[in-house]
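> In this note's numbering, the protein residues as written are 76 to 569. First the structure, which I've put down as structure tokens, then a few questions once you've had a look.
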Amino acid sequence: MLKILLIVYMILNCIYFYYSSKFGVTYTNKDGVLKQSGNINFKDVLEFKITKKDNPEIWKYLKKNRIIEVAKLKEFKEFENLKRSIKNGYIINFVVTNEEEEEELSDTIFLGEKVYGEYEEKNIEFLETLIGEIEIILENVAKKKFIEKQNRELTERVYDLMSLNLAAQMITSTLEKEEIFKSSLDMVTEIARAKEGALVYYNDEKKEIEIKEVRGREKEGIEGRTVKINSFELDYLRREEGLLSILNLTDKNHPMIKFYKNNRDFFKDLSIYLFIPLHNKSNFLGFILLGAKQIGGRYTENNKDMLKTLVSHIASSLYNAKLYDEAITDGMTKLYLHRYFKIRLAEEVAAGERYKRELSLIMIDIDHFKKFNDTYGHQTGDKVLKNVANILKKSTRASDLVARYGGEEFVIILPETLKKGGEIVAENLRKRIEEAKIKDKDTILKVTVSFGVSTIDYQKDMTIDDLIKEADLALYYSKENGRNRVTHYLDIKE
């Protein structure tokens, strides 16, 4: 009986924490009576007494319906107090086959409403899958088949299913590639129970792969490592769709072995037991490498099946993030587009006002840009744009946002930056661009830029348009007063 209660309480904990519910209460069938066997965060006494003998219709109703929305409960008077207590929650029923080979109600979980938001259809669909796995465990207990190894594996599978579903939700909830890289490798190594792992991303434009994330190893010297891959290697990686157990590859001429040998320096310091390619339809996005398992042994078919499901979500998310990046990024300079800048500026200003954070804006214009196009041609003009954009991107913080405003104009959002800080950033950028050696054939191009800086003043009820207008006026002042200089709007003399 103790083992039954432990299993039931474990299940309650899993479901309660997974769904972020306000509370959860479990009732277990004890000789035909549903008695409370577990309680999380429910302080009130839930008066709910159902017996198989006295309430045959309700008993049958619970057996028949695995998941019941409390708001849509059948009108039994015994449920009145329950509906008042739970309101927007769910009733989850587990049915098992007993020793007499008869189906019997085993346990019932009352799940309160969610702490945040509401239960979604996908939550309930996944719960249906989970119930089946849990019922196998409960049935083994009911039939006194509590085989420790088997039930441990089943329990692990329940945890894995929940982790897998939670991982899929987390990974698909963002379009930020860096976030996807981090959370994906965290989830893969956790579900696989791997000692080490690495996520490698393929840059289609540069035709190179890069190690984006590492787990279980010192990151320095590994993360950020890149290597160009040739057309033969790329063709193989695009075709390889299955998970490869590297230790099982005995053929020295196998393409994966050749790929590894040709790029030893890239793979140095990485433990590779399992190779997992990332594909979305016909698009190759990279791969994940896993080291040995934490508790010995090889990766089982169950491990691989779980990983296949998870990496399909990862690949889909990475592909969507890639498309999103392309939609908000200028093709030439690789900076954000004007429309995305406006969206982010609105978000940053709103956050700054809410949390009392300063914010500055820099507008930038390349001096005499038309001269580069007229004298050297548009290709040279494009080269100047790319080089200036690259300097701006590399010389600012990760929290700053650099965008192409239009033509030869750029703009930078500087969160948590006061007037003085904005001026310092702009002056540093001005010097770097002035000192840069931008070559065009045998000519070193002399490129300078002008800057206009503005800082938001929440006391004056400034709008986003006001902030942009002030930066633009400061930029105009710089250009009218010698160019290649920085001007803050507050320093313009009336």
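The C-beta atom is built at its ideal place from N, Cα and C for all residues, glycine as well.
#1: Give, in chain order, every unbroken run of the alpha helix (DSSP H) that is at least 4 residues long and sits entirely within the region 143 to 209.
#2: How about LEU364 and PHE341: do their beta carbons lie closer than 8 Å?
#3: Start and end of the beta strand (DSSP E) containing GLU598?
#4: Does DSSP put ALA390 in a helix, in a strand, or in coil?
#5: Closer than 8 Å by C-beta to ARG560: which residues in its own chain qualify, once you throw out the five before and the five after it? Chain order, please.
#6: Can you check whether the CB of GLU203 is closer than 8 Å to the CB of ARG141?
#7: Which whole runs of the beta strand (DSSP E) in the region 409 to 490 are 3 residues long or more, in chain order?
#8: Measure the CB-CB distance between ILE441 and GLU483 and report whether it falls below 8 Å.
#9: If you measure between the beta carbons of VAL528 and GLU498, is that distance less than 8 Å?
#10: DSSP three-state call for LEU550: helix, strand or coil?
#11: Go ahead and label TYR348 buried or exposed: buried means 16 or more other beta carbons lie within 10 angstroms of its beta carbon, across all protein chains shown.
#12: According to DSSP, simplified to helix, strand and coil, what is GLN369?
#13: Between which two residues does the alpha helix (DSSP H) carrying ASN503 extend?
#14: If we ignore side chains and look at the alpha-carbon of each, how far apart do TYR276 and ARG268 end up?
#15: Would you kindly check if the distance between the Cβ of ILE255 and the Cβ of ALA396 is under 8 Å?
#16: Any idea what DSSP makes of VAL528, helix, strand or coil?
#17: Hey, how far is the Cα of PRO131 from the Cα of ILE125?
#18: Within 10 Å of its beta-carbon, does ASN378 have 16 or more other beta-carbons around it, so buried, or fewer, so exposed?
#19: Let me know the secondary structure DSSP gives ASN328 once reduced to three states.
#20: Using the C-alpha atoms, what's the distance from GLU433 back to SER391?
#21: Between ARG314, TYR374, ILE297, which lies nearest to ARG339 when the distance is taken from Cα to Cα?
#22: Thinking just about the alpha-carbon of each residue, which of GLN111, ASN168, LYS147, ILE418 is nearest to the one in LYS135?
#23: Do LYS252 and LEU436 have their C-beta atoms closer together than 8 Å?
#24: Report all residues from its chain with a CB closer than 6 Å to the CB of LEU410; omit the five preceding and five following residues, and keep chain order.
#25: What residues are listed by DSSP as bridge partners for GLY272?
#26: Have a look at the DSSP bridge pairing and note the partners of LEU358.
#27: Exposed or buried, ASN104, counting other C-beta atoms within 10 Å across all chains shown (16 or more means buried)?
#28: Between the region 308 to 316 and the region 353 to 373, do at least 3 Cβ pairs fall closer than 8 Å?
#29: For SER470, which residues of its own chain have a beta-carbon under 8 Å away from its beta-carbon, when the five flanking residues on both sides are left out?
#30: So what's PHE221 in DSSP terms, helix, strand or just coil?
#31: With H, G and I counted as helix, E and B as strand and the rest as coil, what does DSSP make of ASP135?
#32: Buried or exposed: which applies to SER160, given that a residue is buried once 16 or more other Cβ atoms fall within 10 Å of its Cβ?
#33: In terms of residue numbering, what span does the alpha helix (DSSP H) encompassing ASP344 cover?
#34: When every heavy atom of the ligand SAM is checked, does at least one fall within less than 7 Å of the C-beta of GLU298?
#35: Under 8 Å by Cβ, that's how I've got TYR533 and GLU545 pegged, so tell me the actual separation to the nearest angstrom.
#36: Around the Cβ of ALA501, are there at least 16 other Cβ atoms within 10 angstroms (buried) or fewer (exposed)?
From the atom records:
#1: 155 to 161
#2: no
#3: Residue 598 lies beyond the residue range present for the chain, which begins at 76 and ends at 569; the question has no answer from this structure.
#4: helix
#5: ARG505, SER525, PHE526, SER553
#6: yes
#7: 434 to 441, 476 to 481, 484 to 490
#8: yes
#9: yes
#10: helix
#11: buried
#12: coil
#13: 494 to 510
#14: 22 Å
#15: yes
#16: strand
#17: 9 Å
#18: buried
#19: coil
#20: 37 Å
#21: ILE297
#22: ASN168
#23: no
#24: ALA464, VAL477, ALA478, ARG479
#25: ARG290, LEU365
#26: Checking the sequence, you will find Asn at residue 358 rather than Leu. Per DSSP, ASN355.
#27: buried
#28: yes
#29: ASN503, LEU504, ARG507
#30: Because PHE221 sits at a pLDDT of 49, beneath the cut-off of 50, its placement in the model cannot be relied upon, and the following sentence gives the value as read from the coordinates. Residue state, collapsed to three classes: coil.
#31: Correcting the residue identity first, residue 135 is Lys in this sequence and not Asp. Reduced to three states, the DSSP call for LYS135 is helix.
#32: buried
#33: Element bounds for ASP344: n/a, residue is neither H nor E.
#34: The model depicted lacks the ligand SAM and carries no ligand whatsoever.
#35: In fact, because the Cβ distance is near 14 Å, the residues do not count as touching under 8 Å.
#36: buried
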